[in-house]
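Engineer: Everything in the sequence shown is counted per numbering that gives the first Met the number 0, starting at 0 for the first residue and increasing by one. Virtual Cβ for every residue (Gly too), placed ideally from N, Cα, C. For clarity, every value in this text was computed on a predicted model and none was experimentally measured. Okay, handing you the structure first.
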Amino acid sequence: MTRRTRKTPLWEPGCVPAPGGLLDWRDGRHFDHWQDLPCVLCHQPTPMRSHYGEPVHKACAEDWITANPAEARRGRFASDIQPKRQRDDDHA
Ligand SMILES: [Zn+2]
């Protein structure tokens, strides 16, 4: 298997949380059902993947954002896109 570059996300990421905030990784694509790989931050095995396919624990990514707020703004780790709620403007 060839490694994907980090330049193109595997699927479209949403917003980067503020430092100290939590990532919203509800999409099943964050979970690799096939294998655990060493987390890029703490080197412990994890089935979790970033939007760019980096193996990383969600908690480690959140800590990294808090520790590297400037670099985090470039979007290395981002939350999933929030589905817009259907507005209830059915009023006549
Ligand atoms: Zn980790």
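1) Less than 8 Å between the C-beta atoms of residue 8 and residue 51, yes or no?
2) Taking the Cβ atom as the reference point for each residue, do residue 49 and residue 60 lie within a distance shorter than 8 Å?
3) Could you give the first and the last residue of the continuous alpha helix (DSSP H) run that contains residue 64?
4) In whole angstroms, what is the alpha-carbon distance linking residue 69 and residue 32?
5) Looking only at its own chain, which residues have a Cβ that is under 7 Å from the Cβ of residue 72, when we skip the five neighbours before and after it?
Structural biologist: Well, looking at it:
1) yes
2) yes
3) 57-66
4) 32 Å
5) 15
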